[in-house]
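S.K.: Read in order, the letters of the sequence shown are residues 42 to 251 in my numbering.
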Amino acid sequence: MAKCAKCMKQPARRECAALGERICPLCCAHLRMLVLECPEHCPYLQDARRTTRERRTGHVLAHLMAQGKGALVDVLVQMSPLLAFLERAIVEVQRQRFRDLTDEEVLAGVENAIRTYETLERGIIYEHRSESPRVDAVTESLAKALERVEKELAERGTRIRTSDALACLRALAESIRALKDEREEQAYLRVAALFQPYPRSESRLIVVPE
Numbered sequence: 042m043a044k045c046a047k048c049m050k051q052p053a054r055r056e057c058a059a060l061g062e063r064i065c066p067l068c069c070a071h072l073r074m075l076v077l078e079c080p081e082h083c084p085y086l087q088d089a090r091r092t093t094r095e096r097r098t099g100h101v102l103a104h105l106m107a108q109g110k111g112a113l114v115d116v117l118v119q120m121s122p123l124l125a126f127l128e129r130a131i132v133e134v135q136r137q138r139f140r141d142l143t144d145e146e147v148l149a150g151v152e153n154a155i156r157t158y159e160t161l162e163r164g165i166i167y168e169h170r171s172e173s174p175r176v177d178a179v180t181e182s183l184a185k186a187l188e189r190v191e192k193e194l195a196e197r198g199t200r201i202r203t204s205d206a207l208a209c210l211r212a213l214a215e216s217i218r219a220l221k222d223e224r225e226e227q228a229y230l231r232v233a234a235l236f237q238p239y240p241r242s243e244s245r246l247i248v249v250p251e
């Protein structure tokens with residue numbers, strides 16, 4: 042059997058629609074949607090989404106309960122469109138700017154965004170930043186995503202409360218903590234990217250509860 046077109050080591054058991062070549066199952070699993078622009082019709086992508094969705098939910102819920110943060114479960118359910126939109130902003134940083142972006146850098150970027158909104162909630166406008174341009178890129182991408190949400194909601198005559206944005210960012214941070222793995226630098230990103238199609242949809246899909 043021919044060798045994988047990516048690693049050139051393992052048997053190429055899968056036809057990769059993104060490459061137009063055959064690759065091994067390991068490269069398929071590790072590179073899909075992070076490095077490979079998998080088309081939506083790919084059966085391996087569809088299967089991975091099905092199996093990962095339920096497992097991801099279980100991990101995050103178990104983490105929240107173990108940390109005594111069960112109140113964030115309602116945020117995950119009620120504000121899932123906004124959370125998905127924020128995750129898209131994170132994944133774009135990895136895809137477009139820093140391919141080797143790590144979960145730790147993502148978490149640091151989200152934490153800075155949380156600090157910024159905590160400061161805003163106290164009536165003070167101040168952007169918390171990092172010495173790392175990679176961490177700042179995550180924070181800035183989240184800020185732009187939230188600005189877009191605010192603009193779209195304003196056009197509908199409504200708004201996103203600072204407390205809602207802050208709750209979403211906190212839920213996002215806990216999701217990252219639940220999914221990141223010390224043995225792998227992109228464990229969370231691998232899962233997040235799985236559910237973000239190429240190219241990015243520009244649909245207006247943000248719904249914030251009253």
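Note that the Cβ used here is the ideal one computed from N, Cα and C, for glycine as well.
Can you give me the Cβ contacts of M42 inside the same chain, cut-off strictly under 7 angstroms, excluding the 5 residues immediately before and after it?
M.R.: Excluding residues within five positions, the ones whose Cβ falls inside 7 angstroms are P52, A53.
S.K.: Taking C-alpha atoms, which residue in F139, T199, H71 lies nearest to S173?
M.R.: Out of F139, T199, H71, F139 has the C-alpha closest to the C-alpha of S173.
S.K.: Find out if the Cβ-Cβ distance for the pair L67, I155 is shorter than 8 angstroms.
M.R.: Contact: no.
S.K.: Around the Cβ of I166, are there at least 16 other Cβ atoms within 10 angstroms (buried) or fewer (exposed)?
M.R.: I166 should be labelled exposed.
S.K.: Output the distance between the C-alpha atoms of I247 and E133, rounded to the nearest integer angstrom.
M.R.: Note on I247: pLDDT 43, under 50, position unreliable in the model; the coordinate value appears next. One C-alpha to the other measures close to 18 angstroms.
S.K.: Using DSSP with H/G/I as helix, E/B as strand and the rest coil, what is L123?
M.R.: Three-state result, L123: helix.
S.K.: Within 10 angstroms of its Cβ, does Y158 collect 16 or more other Cβ (buried), or is it exposed?
M.R.: Classification for Y158: buried.
S.K.: Quick check on the burial criterion: 16 or more other C-beta atoms within 10 angstroms. Buried or exposed for T143?
M.R.: The residue is buried, with at least 16 neighbouring Cβ atoms inside 10 Å.
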